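**Q**
Residue numbers (my numbering): 2 to 381.
Structure representation (structure tokens):
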């Protein structure tokens with residue numbers, strides 16, 4: 002059987018190195034999740050590892066599906082995707098399901114979907130097209146304004162949930178993509194640095210003088226105990242302290258797979274999602290953590306290489322947005338595990354349990370591979 006010309010070219014251009022390291026990360030996640038979810042599997046009556054494997058296999062099918070067409074040909078659907086994204090985020094506010102103080106899920110056919118996860122990918126796609134039309138027109142504050150309004154609508158909807166973690170991811174995506182599009186670096190630093198300073202001042206005003214703050218109490222306390230976990234060690238500071246104990250108890254080589262005392266005792270809440278890096282540190286030590294971070298580093302390098310080889314600015318922006326998203330996720334998740342970043346509920350990509358997050362991240366990898374697959378015009 003003779004393979005069609007397009008299929009041969011697509012299979013030839015796929016970045017198999019990126020796929021290989023992605024598969025290694027997923028396997029590492031399955032191994033760590035096996036230990037992290039033992040107690041949770043009994044409590045909820047669910048085999049977390051089996052479900053994560055199912056989501057992973059579905060993710061690879063999604064990657065294969067995304068290679069069917071050049072994504073740059075879909076830029077005409079940018080407005081439709083943008084409207085759909087905002088409708089999804091607005092629906093969460095109107096008919097969403099609440100959990101852990103966050104109204105961030107939709108109930109569909111007996112399953113929960115977190116629209117904020119696909120919204121990250123949709124924002125990257127839409128913003129890539131929006132910015133590619135404004136190349137070399139991001140040098141002044143006036144030229145910044147349309148971009149900030151465009152990206153600010155979904156960002157505002159996420160803040161209303163209120164989902165501080167996803168909002169921070171959106172900000173990282175916007176910063177990375179605007180920088181790639183040629184925005185003035187000092188203006189970006191001034192804008193985002195000024196924003197961070199304003200938020201810090203606002204929080205200080207809330208604590209000192211009772212200023213109104215659009216955050217739930219638990220989100221505010223997470224920011225406070227990040228600075229001083231001993232402020233409330235048995236309540237709000239508990240997660241921070243236990244995370245540091247867990248990740249530090251592994252030493253250089255770890256206590257062994259399934260042998261982590263802190264993990265087995267369940268002292269650390271949400272250890273199969275937000276704090277799974279702590280389980281990795283306890284059972285596999287510094288060596289295991291370093292190995293996983295190296296896998297992430299190589300994966301991100303491949304993505305940056307693909308961004309540099311893209312045939313157009315849209316592809317470069319698309320890939321840079323995905324890199325910005327992953328980098329922030331990794332830095333934030335690892336940082337909160339070792340106590341140098343506030344707890345925001347951001348999962349570790351490809352490692353933490355979660356169907357919506359894993360499928361969104363696999364779709365992101367499919368988009369990056371698509372940019373590489375179609376880096377040269379395909380002649381038929």
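Just so you know, even glycine gets a beta-carbon here, dropped at the ideal spot from N, CA and C. Model, not experiment: these values are computed from the prediction.
1. From the DSSP output, in three-state form, read off residue 113 for me.
2. Give me the DSSP bridge partner(s) of residue 106.
3. How big is the Cα-Cα spacing for residue 58 and residue 27?
4. Which residues in the same chain as residue 336 place their Cβ atom closer than 6 Å to its Cβ, once the five residues preceding and following it in sequence are excluded?
5. Looking at residue 253 and residue 287, is the spacing between their C-beta atoms short of 8 Å?
6. Excluding five sequence neighbours on each side, which residues of the same chain lie with their C-beta closer than 6 Å to the C-beta of residue 259?
7. So, is residue 208 buried or exposed, given that buried needs 16 or more other C-beta atoms within 10 angstroms?
8. Taking C-beta to C-beta, are residue 358 and residue 118 nearer than 8 Å?
9. Identify whether residue 276 lies in helix, strand or coil by the three-state DSSP scheme.
10. Taking buried to mean at least 16 other C-beta atoms within 10 Å of its own C-beta, is residue 173 buried or exposed?
11. If you draw a straight line from the C-alpha of residue 201 to the C-alpha of residue 375, how long is it?
12. Please report how far the alpha carbon of residue 279 lies from the alpha carbon of residue 116, in whole angstroms.
13. Would residue 240 pass as a contact of residue 155 if the rule is Cβ separation under 8 Å?
14. What residue range does the alpha helix (DSSP H) around residue 259 cover?
15. Can you list, in chain order, the residues of its chain with a C-beta nearer than 7 Å to that of residue 181? Leave out the 5 residues immediately preceding and following it.
16. Evaluate residue 83 with the Cβ neighbour count: other Cβ atoms within 10 Å of its Cβ, from every protein chain shown; 16 or more gives buried, anything less gives exposed.
17. Looking at the structure shown, is residue 375 part of a helix, part of a strand, or coil, going by DSSP?
18. Which of the three DSSP states, helix, strand or coil, is assigned to residue 184?
19. Are residue 73 and residue 354 closer than 8 Å when you measure CB to CB?
20. Using 8 Å for Cβ pairs, my map puts residue 128 next to residue 152. What's the rounded Cβ distance?
21. Helix, strand or coil: how does DSSP classify residue 226 here?
22. Give the straight-line distance between the Cα atoms of residue 269 and residue 251, rounded to the nearest whole angstrom.
23. Does the stretch 357-372 come into contact with the stretch 40-52, if we say contact requires no fewer than three beta-carbon pairs (one atom in each stretch) closer than 8 Å?
24. When the Cα atoms are used, what is the spatial distance from residue 380 to residue 13?
**A** Based on what the coordinates show:
1. strand
2. 98
3. 10 Å
4. 342
5. yes
6. 36
7. exposed
8. yes
9. coil
10. buried
11. 44 Å
12. 27 Å
13. no
14. Element bounds for residue 259: n/a, residue is neither H nor E.
15. 317, 318, 321
16. buried
17. coil
18. coil
19. no
20. 6 Å
21. helix
22. 15 Å
23. no
24. Caution applies to residue 380, whose pLDDT of 44 falls short of 50 and renders its modelled position unreliable; the model cannot decide the point.
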